[in-house]
Ligand SMILES: Cc1ncc(C[n+]2csc(CCOP(=O)(O)OP(=O)(O)O)c2C)c(N)n1
Ligand SMILES: [Mg+2]
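Residue numbers (this note's numbering), protein chains in the order written: chain A, 127 to 460; chain B, 29 to 354.
Right, here's the structure in full:
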């Protein structure tokens, strides 16, 4: 049995191994080392939640603290990657995308196509998502569908430590721009992670469990909630398949279609919104492509269409949870 | 300078600074108990900046604040009880419990919000100042921002924008020596120790003052605000100051020298310096300041008790107020 480590340590390990393997890999971000310009020892922070701690002492030239200038440093990660580096840009919270988005959606994502297939931009943006910490409207969002809407960017959303390590390694080694979304509630989740280097292919879903009655598609932290709901439903004889797509661009449509062909029922769980989001997108694709297999209307379990509230009772009501998933599954069984 | 302030003004300024200090020190204590939700960034140590500036403002003047916003709110006249309840996520909070520490706003008081996005304030206040200019009501816009935020593109663009349109806008840079754990010596090299030197390059008057000296801030802000009210355009004021707590509550602060804060509290505390200046000049009796201290302590205690007792928001608040109409 492999050792168990935390999600955030799996991310740290993936970065370390990639930096060891390839000296073109660099990390840019706010306080990714820390204490720059002070008289105190560096590596004081290792990122705001300590995810990159310990990397600076190993790679002092390649772990680069930046000014609070996201347009400049995320853009520089893109530019450096277009010039032979393999940069990781850490955008602390995905909510801060607004400060730097042009460098990603008009630049990184479009170079290859616009330049007639001549450009390679192997940049990886790591960024936090997720509510549940009373962090309110500007530090709790999961805006990955806005990234996935842009052709030319890959969107990776791990749900456990093993996947986090393998998918981040794959993202860094991938030759296209990748945006890697880390749910902050998962950082302390422990799981089995091999010590050696490995990758998980981008675009390949994980079948978390198989059951004959309903297909649940869930992302990131929602996978745990889906498992909890499935356990409860199993007691009533309702068997669920849980699919974790792991990447939403590319999306493993075949895994979803072939499961729905078997179960005939679909519930999509997403911490983000239904309007123009992953949940509506999955329902739409399934309706178009495997409509004949459906025995019930597909259900979406998402956050309501409001910003993330601060008060803990409102935030709890806002978030999808196992009860809401259970209710949606039962609805497809009516 | 001190003479220009009436005794009443002096006592009011001191009271505001004391309110900020007690409020923040108490939030620090409550947060350590694990009862407060979310991220909290405290303003203790920087009181003279917010109060020195806001003493010149009225409710028509707009300010934009930062993640470290409690001090700006109090200085601009936001009620303590509502603020405390907001930090507790309660229905009686300034924003009904929906915003929290990082989003306290009171538009009636001209307080356009604390802000979770570093560098979001300057463009918003450029807009407030543009509205002031078009309305010709003599009001001004003031943006508070940190040394870290001074590196954000929005800030550079707003400086140019304010000069281009000759806006009644004041940029108040709170240089407390750190952006999280990063020093401006690393991230804001300007060829001098003063970030204000950048602003001069944009074509506006810029000064650097001792931000722990209420009177220095008050004087610089008074000049800038008067100029702006008369149509003289934007000004940049850099205030050198110090935060007494971590970047946020829970920060181990290994990037700071051990005695940095201890020394500042002893020798450079804005409240102590204010008290020494006004009592030694014979403008105010020490006992009058002590009476304020006591009264503020009671006020903060009351705010905490009220916040603890207040109910959480009603659940239907979840769906309310996304739009005016939809
Ligand atoms: C756009 C954006 N980038 C990064 C952050 C994370 N962050 C919050 S406060 C902060 C440091 C701000 O430093 P400074 O402007 O000096 O203000 P201080 O905290 O010292 O008051 C950072 C990096 C953020 N909230 N928004
Ligand atoms: Mg600072």
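Glycine included, each C-beta is placed from N, C-alpha and C at the ideal position.
Who are residue i's beta bridge partners in DSSP?
| i | result |
| --- | --- |
| residue 425(A) | 393(A) |
| residue 280(A) | 304(A) |
| residue 92(B) | 171(B) |
| residue 316(A) | 132(A) |
| residue 199(B) | 171(B) and 264(B) |
| residue 154(A) | 190(A) and 215(A) |
| residue 434(A) | According to DSSP, which records beta bridges pairwise, residue 434(A) is partnered with nothing at all. |
| residue 335(A) | 368(A) |
| residue 255(A) | 309(A) |
| residue 375(A) | 281(A) |
| residue 250(A) | 214(A) and 304(A) |
| residue 210(B) | 207(B) |
| residue 344(A) | 395(A) |
| residue 326(B) | In the DSSP output, where bridge partners are listed per residue, residue 326(B) has none listed. |
| residue 238(B) | 268(B) |
Could you tell me whether any non-hydrogen atom of ligand 4 is closer than 7 Å to the CB of residue i?
| i | result |
| --- | --- |
| residue 251(A) | Absence of ligand 4 is noted for the structure shown, with ligand 1 and ligand 2 being the only ligands found. |
Would you please verify whether the beta carbon of residue i is less than 8 Å from any beta carbon of chain D?
| i | result |
| --- | --- |
| residue 126(B) | The chain inventory of the structure shown lacks chain D, comprising the protein chains A and B. |
Positions along the stretch 420–445 of chain A whose CB lies within less than 9 Å of some CB in chain B: Those residues of the stretch 420–445 of chain A placed with their C-beta closer than 9 Å to a C-beta in chain B are 430, 431, 432, 433, 435, 436, 437, 438, 439, 440, 441, 443 and 444, ordered along the chain.
As an exercise, report each continuous beta strand (DSSP E) stretch of at least 3 residues that is fully enclosed by the stretch 203–234 of chain A, in chain order. Listed in chain order, they are 212–219.
What residues come near ligand 2, if near means a beta carbon less than 6 Å from any of its heavy atoms? Chain order is used for the residues whose beta-carbon lies nearer than 6 Å to a heavy atom of ligand 2, namely 174(B), 175(B), 176(B), 204(B), 206(B) and 207(B).
Can at least three beta-carbon pairs, one atom from the stretch 302–312 of chain B and one from the stretch 85–105 of chain B, be found at a separation below 8 Å? Counting C-beta pairs with one atom in each stretch, the stretch 302–312 of chain B and the stretch 85–105 of chain B have fewer than three that are closer than 8 Å, which means they do not touch.
What residues in the stretch 174–200 of chain A bring their beta carbon closer than 9 Å to a beta carbon of chain B? For the stretch 174–200 of chain A, the set of residues with a beta-carbon nearer than 9 Å to any beta-carbon of chain B comprises 174, 191, 192, 193, 194, 195, 196, 197 and 198, in chain order.
So, do the stretch 437–455 of chain A and the stretch 275–294 of chain B have three or more beta carbon pairs nearer to each other than 8 Å? Taking a contact to require three or more Cβ pairs closer than 8 Å, the stretch 437–455 of chain A and the stretch 275–294 of chain B do not qualify as touching.
Which residues of the stretch 246–272 of chain A have a Cβ closer than 9 Å to any Cβ of chain B? Give them in chain order. Against chain B - using a Cβ distance shorter than 9 Å - the residues of the stretch 246–272 of chain A are 259, 260, 261, 262, 263, 264 and 265.
Which residues, taken in chain order from the stretch 274–285 of chain B, show a beta carbon closer than 8 Å to some beta carbon of chain A? Along the stretch 274–285 of chain B, the positions whose C-beta sits under 8 Å from a C-beta of chain A are 282, 283, 284 and 285, read in chain order.
Inter-stretch contact at 8 Å, needing at least 3 Cβ pairs: the stretch 89–96 of chain B / the stretch 140–156 of chain B: Touching, yes, given that three or more Cβ pairs across the two stretches are closer than 8 Å.
Taking contact to mean at least 3 C-beta pairs separated by less than 8 Å, is the stretch 169–188 of chain B in contact with the stretch 199–208 of chain B? Segments in contact, yes.
Residues in the stretch 143–165 of chain B having any Cβ partner in chain A nearer than 8 Å: Per Cβ criterion, the list reads 143, 144, 145, 146 and 147.
Positions along the stretch 142–164 of chain A whose CB lies within less than 7 Å of some CB in chain B: Those would be 156, 157, 160, 161, 162, 163 and 164, in chain order.
Run through the stretch 243–268 of chain B for me and flag every whole beta strand (DSSP E) of 3 or more residues, listed as ranges in chain order. Residue ranges of uninterrupted beta strand (DSSP E) with 3 or more members, entirely inside the stretch 243–268 of chain B and ordered along the chain, are 263–268.
Output, in sequence order along the chain, the residues in the stretch 192–211 of chain B whose CB is closer than 7 Å to any CB in chain A. Legend: CB atoms of the stretch 192–211 of chain B lying less than 7 Å from CB atoms of chain A belong to residues 207, 208, 209, 210 and 211.
Tell me, please, whether the stretch 98–115 of chain B touches the stretch 405–424 of chain A by the rule of three or more beta-carbon pairs shorter than 8 Å. Judged by Cβ distances under 8 Å, the stretch 98–115 of chain B makes no contact with the stretch 405–424 of chain A, as fewer than three pairs qualify.
Answer yes if the stretch 43–57 of chain B comes into contact with the stretch 317–335 of chain B, meaning at least three C-beta pairs across the two stretches below 8 Å, and no otherwise. Verdict: yes, contact present.
Mind listing which residues of the stretch 206–225 of chain A have their C-beta closer than 9 Å to chain B's C-betas, in chain order? Taking 9 Å as the Cβ-Cβ cut-off against chain B, the residues of the stretch 206–225 of chain A that qualify are 219, 221, 222, 224 and 225.
List, from N- to C-terminal side, the beta strand (DSSP E) runs of 3 residues or more that fit wholly inside the stretch 43–121 of chain B. Listed in chain order, the complete beta strand (DSSP E) runs (minimum 3 residues) inside the stretch 43–121 of chain B are 90–92.
Can you list, in chain order, the stretches of the alpha helix (DSSP H) that have 4 or more residues and sit fully within the stretch 133–197 of chain B? Every alpha helix (DSSP H) stretch that sits fully inside the stretch 133–197 of chain B and reaches 4 residues is listed by chain position as 149–163 and 181–192.
Residues of the stretch 167–185 of chain B whose Cβ lies closer than 8 Å to any Cβ of chain A, in chain order: Residues 176, 177, 179, 180, 181 and 182.
Got a sec: which bits of the stretch 323–345 of chain B sit with their beta carbon under 7 Å from any beta carbon on chain A, in order along the chain? Of all residues in the stretch 323–345 of chain B, 340, 341, 343 and 345 have a Cβ within less than 7 Å of some Cβ in chain A.
Pull out every residue of the stretch 57–88 of chain B whose Cβ sits closer than 7 Å to any Cβ of chain A, in chain order. Shown in chain order are the members of the stretch 57–88 of chain B whose Cβ falls below 7 Å from a Cβ of chain A: 65, 66 and 67.
Between the stretch 89–108 of chain B and chain A, which residues of the former have a C-beta closer than 8 Å to a C-beta of the latter? Within the stretch 89–108 of chain B, no residue qualifies.
Report the residues of the stretch 215–244 of chain B with a CB closer than 8 Å to any CB of chain A, ordered along the chain. Of all residues in the stretch 215–244 of chain B, 215 and 216 have a Cβ within less than 8 Å of some Cβ in chain A.
How about the stretch 213–224 of chain B and the stretch 272–279 of chain B: do they share at least three Cβ pairs that are nearer than 8 Å? The count of Cβ pairs closer than 8 Å, one atom from the stretch 213–224 of chain B and one from the stretch 272–279 of chain B, stays below three, leaving the stretches out of contact.
Interface positions of the stretch 254–271 of chain B facing chain A (Cβ-Cβ less than 7 Å), listed along the chain: Those would be none; no residue qualifies.
Take every Cβ of the stretch 161–170 of chain B, pair it with every Cβ of the stretch 111–120 of chain B, and state whether three or more of those distances are shorter than 8 Å. Judged by Cβ distances under 8 Å, the stretch 161–170 of chain B makes no contact with the stretch 111–120 of chain B, as fewer than three pairs qualify.
Short-range partners of chain A found in the stretch 282–315 of chain B, where Cβ spacing is below 8 Å: Hits within the stretch, in order: 282, 283, 284 and 285.
Against chain B, which members of the stretch 375–402 of chain A pass a CB distance test of less than 7 Å? Residues passing the 7 Å Cβ filter: none.
Three CB pairs or more closer than 8 Å across the stretch 395–406 of chain A and the stretch 262–274 of chain A: Short answer: they touch.
Say whether the stretch 117–133 of chain B touches the stretch 288–305 of chain B, bearing in mind that this needs 3 or more beta-carbon pairs closer than 8 Å, one atom from each stretch. Touching, no, given that fewer than three Cβ pairs across the two stretches are closer than 8 Å.
Quick one, which residues of the stretch 231–242 of chain A are near chain B if we go by CB-CB under 8 Å, in chain order? Against chain B - using a Cβ distance shorter than 8 Å - the stretch 231–242 of chain A contributes no residues.
Pairing CB atoms from the stretch 196–205 of chain A with CB atoms from the stretch 160–176 of chain A, are three or more of them under 8 Å? Between the stretch 196–205 of chain A and the stretch 160–176 of chain A, the count of C-beta pairs closer than 8 Å stays below three; the two stretches do not touch.
Are the stretch 357–366 of chain A and the stretch 331–338 of chain A touching, with three or more C-beta to C-beta distances below 8 Å? Counting Cβ pairs under 8 Å, three or more are found: they touch.
Would you be able to state if there are at least three C-beta pairs under 8 Å between the stretch 285–299 of chain A and the stretch 344–356 of chain A? The answer is yes - the stretch 285–299 of chain A touches the stretch 344–356 of chain A, with three or more Cβ pairs under 8 Å.
State whether the stretch 363–377 of chain A contacts the stretch 311–324 of chain A, with contact taken as three or more CB pairs (one from each stretch) at a distance under 8 Å. Between the stretch 363–377 of chain A and the stretch 311–324 of chain A, the count of C-beta pairs closer than 8 Å stays below three; the two stretches do not touch.
Quick one: any contact between the stretch 174–181 of chain B and the stretch 186–197 of chain A, if contact means 3 or more CB pairs under 8 Å? As far as the Cβ criterion goes, the stretch 174–181 of chain B touches the stretch 186–197 of chain A, which means the pair count is three or higher.
Runs of alpha helix (DSSP H) lying entirely within the stretch 270–313 of chain B, each at least 4 residues, in chain order: Correct list: 288–295 and 298–308.
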